[in-house]
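A quick write-up on the structure given underneath.
Protein chains in written order, with our numbering: chain F, 1 to 197; chain P, 1001 to 1324.
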C-alpha cells in the first residue's frame, strides 16, 4: 500500500495497523531528518512523536491526490521549529563568521582547489571524523541554508517540495542550496581536516 | 544554470527542467565540465549522508504516545444544562457589560499588536531575501542607482522579485499601512517595466514599488556613491517602515507611534524614536541631517520608495574655535 493509502485507511476506517505501518516506514528517515535539524537526539525523538500526533490529528485536512511525504515533512519541520523555540537552543555560531570578507562567489575556483590535489596517505582523514565535521558544519550554517541542505541534499526532496515545506519560492530554495554549498566549501577549505589546504 | 546543475545532480528538478538540463549537457562540453566540478564539490557532503539510527522501539513508543494523547484530548461529556433563572440573566448581563468595557480597548491593542507582528514578519522575510541576494552578489545588497529608472530606494523590491528571492507582492506591504487596503491591486513592477516607463508614470512606479517599506540609500565615500555592503552590523538600519515625505521623518504605518526597523544582522525592532538603540544615528537622516546617502560607511539612511540617492553638497560642521 502506498503512504497515501495507509493514511486514508487510518483516517477513514480508524485502521490502527495502517498508522503503525506509516510510523515504521518513516521511523529511520524522519528521525534522521529531525536529528540533523535539531542536533539533539532527545529533542529529535520528542519532535518525531509530536509529528505523528499531528499527522493523526490533522489527517482529515489531508487532501486526496496530494503526496504524503512532503506533507509529513511540512509537519515535521514545524515541530522542529517549535522544539527549537521551546528549548531556546538556537546556535549563535555561524559559518558566516568564517567566510572571507572579499566577495568570493567563484564556485569554480573553490572546487578547483578542493579537487586539484590527491591527499597524501599520511594526510588522509578518517572518514568518520570527516562525517562528523560535515554534520557540524551543516548545523553551523545559517538556519535558512541548513534547512535547504537537509531537505534537498540529505532527504532527497525535489526543489518544489522543499519550497512548499518551507513556504518560500522555488528560486529561493535553489539560491539557498547554492549559497550553502559555497559556504560549506569555503569552511572545508579552512578546515584542518582538509589535506588540500 | 548552476542552480539547475546542482538540482540535476541531486535529482531535485521537475521532469521538464531535468530534460532541459540533459539536452544542454549533451551539446555543451563546457557545461559538462562545470557539472563535474559541482559533482566533486558535493563529494565532501556525501560522507555525512548516512541515516542516524533511531532509538530502539521509537515507532512503538510513538504509536502509544499518539493513542495516549488522543485519549487525554477527548473532553468529558458536559452535563445537560438546566434552564436559566432571572437572577442568572442579571448576573450574565453584568458580566457581559464588564467584559465589554475591558474587551474593546484590549481588542484594539491586540489588533495593533497583530499588525505590528505581521509587519515584523514581512521585514524578516525581506531581510532573509536580502541576505541571500548579498551572498550571491559579492556581499552587496541591491544597489540604488545614482540616476535613471533604477534610482529610487524601492528598487530593492523589483530586484529581489526579478531574481526569485521574494514571491508574492504582499510581502512588501505592512498590514498596518494604508497600502494594505489596496493590497489586492498592488504589484511590484519588473525592471523591464521600469526601464520602459517615462515621466509621471515612472515617478508613480518609483513611489509605489517599495511597498510600505523604506530601504537603505547607501553612502558616499571619497566623493563617490557606494551601495550598502552586508557586514551584519547589529545597529545598522537596512530597512524600516517607510518614513513620511516631510519632517519629522517618522513612519505613519503604525498610527505614527513608531516604526519597525530591520537591522543588518536581521533582527527586527520596533522603535518609538528615529534613532537606533545604543547609538545616536537617525535612521531617516544622514549625519548632516539630510534625506540623502550616508556620509560614511556606518551612516545608515532609510529612504521611502521614491527617495533618490542624489549627491548633495556636504556641510561639515566646524569644530569649536575653528572658522568655517
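Cβ atoms here follow ideal geometry from the backbone N, Cα and C, with glycine treated the same way. The model shown is predicted, which means the values in this text are computed figures rather than measured ones.
Which residues in the same chain have their Cβ closer than 6 angstroms to the Cβ of residue i, if we skip the five residues on either side of it in sequence?
i, result
"residue 105 (chain F)", "Note that residue 105 (chain F) scores a pLDDT of 42, beneath 50, so its modelled location is shaky; the value from the coordinates is reported in the next line. There are no such residues."
"residue 1238 (chain P)", "1216, 1262 and 1264"
"residue 1001 (chain P)", "none"
"residue 73 (chain F)", "165"
"residue 52 (chain F)", "23"
"residue 102 (chain F)", "Reliability fails at residue 102 (chain F), whose pLDDT of 38 lies under 50, so the model's placement of it is uncertain and no value is given."
"residue 3 (chain F)", "68"
"residue 1197 (chain P)", "1205"
So residue i contacts chain P; which residues on that side make the cut at Cβ distance below 7 angstroms?
i, result
"residue 153 (chain F)", "1010 and 1045"
"residue 185 (chain F)", "1041"
"residue 45 (chain F)", "1055 and 1058"
Mind reading off the beta-carbon distance from residue i to residue j? Whole number of angstroms is fine, and I expect it under 8 angstroms.
i, j, result
"residue 1124 (chain P)", "residue 1268 (chain P)", "6 angstroms"
"residue 62 (chain F)", "residue 7 (chain F)", "6 angstroms"
"residue 1062 (chain P)", "residue 68 (chain F)", "So it is not a contact: roughly 16 angstroms between Cβ atoms."
"residue 1254 (chain P)", "residue 1176 (chain P)", "5 angstroms"
"residue 1210 (chain P)", "residue 1153 (chain P)", "6 angstroms"
"residue 1385 (chain P)", "residue 1131 (chain P)", "Past the edges of chain P, shown from 1001 to 1324, lies residue 1385 (chain P), and the structure says nothing about it."
Can you check which of these residues, the options, is closest to residue i by C-alpha distance?
i, options, result
"residue 1040 (chain P)", "P:1063, P:1177 and P:1006", "P:1006"
"residue 1155 (chain P)", "P:1212, P:1177, P:1144 and P:1203", "P:1144"
"residue 1116 (chain P)", "P:1296, P:1256, P:1307 and P:1220", "P:1256"
"residue 1163 (chain P)", "P:1133, P:1174, P:1176 and P:1181", "P:1133"
"residue 1218 (chain P)", "P:1228, P:1210 and P:1212", "P:1228"
"residue 1247 (chain P)", "P:1121, P:1284 and P:1199", "P:1284"
"residue 1137 (chain P)", "P:1206, P:1043, P:1230 and P:1118", "P:1230"
"residue 1139 (chain P)", "F:134, F:41 and F:183", "F:183"
"residue 5 (chain F)", "F:44, F:35 and F:66", "F:66"
"residue 33 (chain F)", "F:76, F:21 and F:13", "F:76"
"residue 1190 (chain P)", "P:1235, P:1150 and P:1212", "P:1150"
"residue 1235 (chain P)", "P:1210, P:1223, P:1271 and P:1226", "P:1271"
"residue 1024 (chain P)", "P:1042, P:1043 and P:1004", "P:1004"
"residue 145 (chain F)", "F:45, F:134 and F:176", "F:176"
"residue 1297 (chain P)", "P:1244, P:1233, P:1259 and P:1033", "P:1233"
"residue 1167 (chain P)", "P:1049, P:1100 and P:1187", "P:1187"
"residue 1046 (chain P)", "P:1009, P:1085 and P:1201", "P:1009"
"residue 40 (chain F)", "P:1043, P:1034 and P:1055", "P:1055"
"residue 1051 (chain P)", "F:85, F:27, F:79 and F:64", "F:27"
Just the chain F side, please: which residues come within less than 7 angstroms of residue i by C-beta, in chain order?
i, result
"residue 1062 (chain P)", "23, 48, 49 and 52"
"residue 987 (chain P)", "A question about residue 987 (chain P) goes unanswered here, because the residues of chain P that appear run from 1001 up to 1324."
"residue 1066 (chain P)", "52, 53 and 56"
"residue 1007 (chain P)", "159 and 174"
"residue 1054 (chain P)", "27, 28 and 31"
"residue 1051 (chain P)", "28, 29 and 32"
Starting from the beta carbon of residue i, find every residue of chain F whose beta carbon is closer than 8 angstroms, and list them in chain order.
i, result
"residue 1069 (chain P)", "53"
"residue 1028 (chain P)", "Simply none; closest approach about 15 angstroms."
"residue 1013 (chain P)", "158 and 159"
Using a Cβ-Cβ cutoff of less than 7 angstroms, which residues in the same chain neighbour residue i once the five nearest sequence positions on both sides are dropped?
i, result
"residue 1281 (chain P)", "1275, 1299 and 1300"
"residue 1208 (chain P)", "1305"
"residue 1192 (chain P)", "none"
"residue 1170 (chain P)", "1183"
"residue 87 (chain F)", "43"
"residue 1225 (chain P)", "1146, 1218, 1293, 1309 and 1311"
"residue 1173 (chain P)", "1179, 1180, 1183, 1186, 1211 and 1212"
"residue 1157 (chain P)", "1172, 1188, 1209, 1210 and 1211"
"residue 83 (chain F)", "38, 43, 46 and 47"
Who are the neighbours of residue i on chain P, taking C-beta pairs under 9 angstroms?
i, result
"residue 172 (chain F)", "1128, 1129, 1132, 1164, 1165, 1166 and 1167"
"residue 144 (chain F)", "1128, 1131 and 1132"
Taking C-beta pairs closer than 8 angstroms, name the residues in chain P that residue i reaches, listed in chain order.
i, result
"residue 179 (chain F)", "1132, 1135 and 1136"
"residue 70 (chain F)", "Near residue 70 (chain F) there are no residues of chain P at all, since even the closest Cβ is about 13 angstroms away, more than 8 angstroms."
"residue 19 (chain F)", "1063 and 1066"
"residue 169 (chain F)", "1164, 1165, 1166 and 1167"
"residue 134 (chain F)", "1044, 1045, 1047 and 1048"
By Cβ distance, which residues of its chain are closer than 8 angstroms to residue i, with the 5 residues on each side in sequence left out?
i, result
"residue 174 (chain F)", "159"
"residue 1195 (chain P)", "1149"
"residue 150 (chain F)", "33, 36, 37 and 138"
"residue 98 (chain F)", "Reliability of the predicted coordinates at residue 98 (chain F) is poor, the pLDDT of 40 falling under 50, and the value obtained from them is presented with this limitation in mind. The residues are 186, 187 and 190."
"residue 153 (chain F)", "177"
"residue 56 (chain F)", "10 and 19"
"residue 157 (chain F)", "69, 70, 73, 151 and 165"
"residue 1013 (chain P)", "1004, 1007 and 1021"
Between residue i and chain B, is any beta-carbon pair separated by less than 8 angstroms?
i, result
"residue 35 (chain F)", "Among the chains of the structure shown, chain B does not appear; the protein chains present are F and P."
- [ ] Name, going along the chain, the residues of the stretch 1284–1312 of chain P whose beta-carbon falls closer than 9 angstroms to a beta-carbon of chain F.
- [x] none
Task: chain F contacts from the stretch 1091–1121 of chain P (Cβ-Cβ distance under 9 angstroms) - done: none
TODO: Quick one: which residues of the stretch 1242–1268 of chain P get their C-beta closer than 8 angstroms to a C-beta of chain F? List them in chain order.
DONE: none
Task: Interface residues of the stretch 1216–1234 of chain P facing chain F [CB-CB below 9 angstroms] - done: 1229, 1231 and 1232
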